[in-house]
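Working notes for the structure below.
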Amino acid sequence: MGNFSQKIDKFIEIFINQNGYVRVIEGLKNTLIIAVLGLIIGIVIGTLIATVRVIPKYKLLPRILNGFCSFYVGFFRGTPMVVQLLLFYFVMLPLLGQRMTGVQVAIWVFGLNSGAYISEIMRSGILSVDQGQMEAGRAVGLSFGTTMMKIVLPQAVKNILPTLGNEFITLVKETSVVSFVGAADLYVAFNYIGSNSYEFMVPYLVMALIYILLVLIISAGIKIMERSLRRSDRRH
Amino acid sequence: MIDVINLEKHFDGLQVLRGISVKIDKGDIVVVIGPSGSGKSTFLRCLNCMEDPTGGQIIFNGVDIADQRVDINVHRRHMGMVFQHFNLFHNKTVIENIMLAPVYLRCQDLRRAKRSNLVTRFTNVFRAKEHRKELLPVTESKADIKRKARDEAISLLKRIGLEDKADVYPSTLSGGQKQRVAIVRSLAMNPDVILFDEPTSALDPEMVGEVLDLMKALAKEGMTMIIVTHEMGFAREVANKVLFIDEGQILESGSPEEFFGNPQNPRLKEFLSKVL
Chain P
352 MGNFSQKIDK FIEIFINQNG YVRVIEGLKN TLIIAVLGLI IGIVIGTLIA TVRVIPKYKL
412 LPRILNGFCS FYVGFFRGTP MVVQLLLFYF VMLPLLGQRM TGVQVAIWVF GLNSGAYISE
472 IMRSGILSVD QGQMEAGRAV GLSFGTTMMK IVLPQAVKNI LPTLGNEFIT LVKETSVVSF
532 VGAADLYVAF NYIGSNSYEF MVPYLVMALI YILLVLIISA GIKIMERSLR RSDRRH
Chain S
74 MIDVINLEKH FDGLQVLRGI SVKIDKGDIV VVIGPSGSGK STFLRCLNCM EDPTGGQIIF
134 NGVDIADQRV DINVHRRHMG MVFQHFNLFH NKTVIENIML APVYLRCQDL RRAKRSNLVT
194 RFTNVFRAKE HRKELLPVTE SKADIKRKAR DEAISLLKRI GLEDKADVYP STLSGGQKQR
254 VAIVRSLAMN PDVILFDEPT SALDPEMVGE VLDLMKALAK EGMTMIIVTH EMGFAREVAN
314 KVLFIDEGQI LESGSPEEFF GNPQNPRLKE FLSKVL
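Note that the protein sequences, when read in sequence, are chains P and S. All residue numbers for the first sequence refer to this note's numbering, where the first residue is 352 and numbers rise by one. All residue numbers for the second sequence refer to this note's numbering, where the first residue is 74 and numbers rise by one.
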């Protein structure tokens with residue numbers, strides 16, 4: 352065990368005295384930014400796609416939109432996240448002549464990718480809401496879109512919140528691949544500490560602990576949200 | 074007020090309505106009866122295009138609303154609908170259920186009027202004085218609309234004796250209370266006609282009475298109502314016109330006295346002998 356305490360000393364040396372903690376905080380910040388903004392973009396895209404997919408389809412425009420959405424979901428679910436990151440960074444950006452930082456690329460790719468997954472989650476949520484809710488909204492003269500926004504989606508979100516939380520947790524953990532496009536996340540920070548001390552055991556252990564802590568905090572937050580959303584189900 | 078001409082509806086080759094024609098005047102209480110699967114619910118749901126008719130016309134206040142190009146949302150405001158399973162908005166409190174559509178739609182009209190006034194004011198700059206367009210009247214603010222709708226909703230709730238339930242969610246109400254709230258929700262839009270789709274079929278027997286009483290009160294006030302129901306006693310008492318629909322056609326129609334007292338059609342006779 353003497354060996355292990357030596358390793359811990361080495362880790363603390365780099366973590367504190369050589370400003371390793373600055374990188375860890377920076378990495379943590381990037382991880383959270385990518386996951387949170389990715390989730391927000393994902394929810395917006397996912398909701399739009401899910402809505403398109405439940406519109407009645409006897410007109411031409413919904414059919415075309417629906418075809419496009421199927422393609423989109425198929426593409427993003429059919430390729431690994433790393434491949435999407437690389438395609439975005441090394442193919443799309445040069446073709447468009449744009450520049451973006453690694454973090455920006457990661458945010459967009461995470462958003463686009465989770466949009467595909469969330470669209471399916473959202474669709475199941477919408478389908479779980481009784482058809483009568485939409486009919487009642489339409490019957491008082493509200494449009495399809497308004498009824499969707501005011502009546503159906505709030506109920507759908509309530510039903511899918513646990514699954515949506517799952518998706519967020521997945522996003523937080525998946526950020527560990529963004530170093531492929533040069534974004535500095537938690538993994539990059541601890542990798543740096545490890546390679547500077549030629550000692551990976553403790554840094555990676557601490558990294559795992561931080562991920563676990565993050566996920567625990569997120570789960571607790573989701574529980575609180577769920578409870579407040581369930582208000583309308585409670586019997587007074 | 075509603076003139077249904079040769080209404081047809083088929084679902085993927087299954088013909089549900091085979092040419093229904095009926096004229097409904099203001100103040101009519103029309104009760105539609107028929108065996109299950111006869112198309113009576115489909116007929117009612119076609120009237121406000123909840124199901125799009127596949128043929129025929131529905132002339133409502135002079136406009137053919139079966140036409141796909143008509144903005145159906147505008148006409149549905151004047152046609153209330155009450156469902157078998159109430160369909161109160163689960164995520165809204167009782168009073169929000171009643172206020173939602175009036176507030177939203179009036180605010181939407183307000184926004185549109187303001188927007189169009191903005192355009193008019195701008196284009197008026199380029200018009201000669203005598204050609205200037207009039208602005209649309211904007212008399213209310215959003216707060217006014219909300220306050221008015223709230224007052225209206227509360228007086229509606231008072232009418233059904235549920236004002237103390239204004240701020241609870243529908244999940245806490247009994248079936249009869251839910252259905253009465255659903256009825257006043259459609260009343261809040263000041264509709265010209267209310268469609269009832271088996272309003273008492275999902276209720277416990279002891280709650281049927283309170284809903285029927287509310288409907289009777291509405292009928293007395295001269296509300297135009299079209300009611301699909303199995304409550305024959307109610308039909309006999311309140312209706313001034315009864316329709317018997319079977320296999321997508323009106324087989325017999327008439328005043329309740331002759332309809333129940335002296336039925337002509339053999340299938341109606343058979344139906345009545347089963348249910349009465």
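The C-beta atom is built at its ideal place from N, Cα and C for all residues, glycine as well.
| So what's methionine 74(S) in DSSP terms, helix, strand or just coil? | Looking up residue 74(S) in the second sequence gives position 1. Three-state DSSP puts methionine 74(S) in coil, outside helix and strand.
| message | Between the alpha carbons of valine 284(S) and proline 278(S), how many angstroms are there, rounded? | response | The sequence position of residue 284(S) within the second sequence is 211, counting from 1. The sequence position of residue 278(S) within the second sequence is 205, counting from 1. Going from the Cα of valine 284(S) to the Cα of proline 278(S) covers about 11 Å.
| said: Check for me: the alpha helix (DSSP H) holding glutamate 343(S) runs from which residue to which? | reply: Residue numbering aside, residue 343(S) sits at position 270 when the second sequence is read from its first letter. Looking at the DSSP string, the run of the alpha helix (DSSP H) that includes glutamate 343(S) is 339-348.
| query | Quick one: is serine 259(S) buried, meaning 16 or more other Cβ sit within 10 Å of its Cβ, or exposed? | reply | Locating residue 259(S) in the second sequence gives position 186, counting from the first residue. Per the 10 Å Cβ criterion, buried.
| task | Step through the CB atoms of chain S and report whether any lies within less than 7 Å of the CB of alanine 487(P). | result | Along the first sequence, one-based indexing puts residue 487(P) at 136. When Cβ-Cβ separations below 7 Å define contact, alanine 487(P) makes contact with chain S.
| Partners in chain S for glycine 476(P), counting only beta-carbon separations shorter than 8 Å | Indexing the first sequence from 1 puts residue 476(P) at position 125. The premise fails here: glycine 476(P) is roughly 13 Å from chain S at the closest Cβ pair, so nothing lies under 8 Å.
| query | Under 7 Å between C-beta atoms, does serine 479(P) make it to chain S? | reply | Locating residue 479(P) in the first sequence gives position 128, counting from the first residue. Taking Cβ atoms only, chain S never reaches closer than 7 Å to serine 479(P), which makes this a no.
| Do three or more CB pairs link the segment 445-458 of chain P to the segment 373-385 of chain P at distances below 8 Å? | yes
| query | At a Cβ cut of 7 Å, what residues of the segment 151-167 of chain S count as close to chain P, listed as they run along the chain? | reply | Met154, Phe156, His158, Asn160, Phe162, His163 and Asn164
| Endpoints, beta strand (DSSP E) assigned at phenylalanine 133(S) | Position 60 of the second sequence, counted from the first residue, corresponds to residue 133(S). Note, phenylalanine 133(S): beta strand (DSSP E), 128-133.
| Which class does histidine 83(S) belong to by DSSP, given the choice of helix, strand or coil? | Numbered from 1 along the second sequence, position 10 holds the residue referred to as residue 83(S). In the structure shown, histidine 83(S) sits in a strand (DSSP, three-state: E or B).
| said: For the segment 154-163 of chain S against the segment 179-195 of chain S, do three or more pairs of beta-carbon atoms, one drawn from each stretch, fall closer than 8 Å, so that the two count as touching? | reply: no
| Span separating the alpha-carbon of valine 491(P) from that of methionine 154(S) | As a working mapping, residue 491(P) is identified with position 140 in the first sequence. As a working mapping, residue 154(S) is identified with position 81 in the second sequence. The straight-line gap from Cα to Cα measures roughly 7 Å.
| Between which two residues does the alpha helix (DSSP H) harbouring glycine 572(P) extend? | Position 221 of the first sequence holds residue 572(P). Glycine 572(P) -> alpha helix (DSSP H) spans 552-580.
| To which residues of the same chain is glycine 110(S) closer than 7 Å at the C-beta, ignoring the five residues directly before and after it? | Numbered from 1 along the second sequence, position 37 holds the residue referred to as residue 110(S). Excluding residues within five positions, none has a Cβ falling inside 7 Å.
| request: Answer with yes or no whether the minimum CB distance from valine 434(P) to chain S is below 7 Å. | output: Start at 1 with the first residue of the first sequence, and residue 434(P) comes out as number 83. No, no contact with chain S.
| task | Measuring alpha carbon to alpha carbon, tell me which of Arg582(P), Ser548(P), Leu580(P) and Ala467(P) ends up nearest aspartate 360(P). | result | Numbered from its first residue, the first sequence carries residue 360(P) at position 9. It is Ser548(P).
| task | Specify the secondary structure class of glutamate 325(S) as computed by DSSP and reduced to three states. | result | Here the question's residue 325(S) lines up with position 252 in the second sequence. In this structure, glutamate 325(S) counts as strand in the three-state DSSP scheme.
| said: Just verifying my parser: in three-state terms, what is the DSSP assignment at serine 470(P)? | reply: Walking along the first sequence from the start, residue 470(P) turns up at place 119. Here serine 470(P) sits in helix by DSSP.
| request: Note down, in chain order, every chain P residue with its Cβ under 8 Å from the Cβ of arginine 149(S). | output: Residue 149(S) sits at position 76 when you count from the first residue of the second sequence. Those are Arg489, Ala490, Val491 and Gly492, listed as they occur along chain P.
| message | Just to make sure I have the definition right: I need the residues of chain P whose C-beta is within less than 7 Å of the C-beta of leucine 178(S). Which are they? | response | Stepping through the second sequence from its first residue, residue 178(S) is reached at position 105. Chain P residues near leucine 178(S): Gly492.
| task | Just tell me which of Cys122(S), Lys99(S), Ile97(S) and Pro108(S) has its CA closest to the CA of glutamate 81(S). | result | For this step, residue 81(S) is matched to residue 8 along the second sequence. The candidate whose alpha carbon is nearest that of glutamate 81(S) is Cys122(S).
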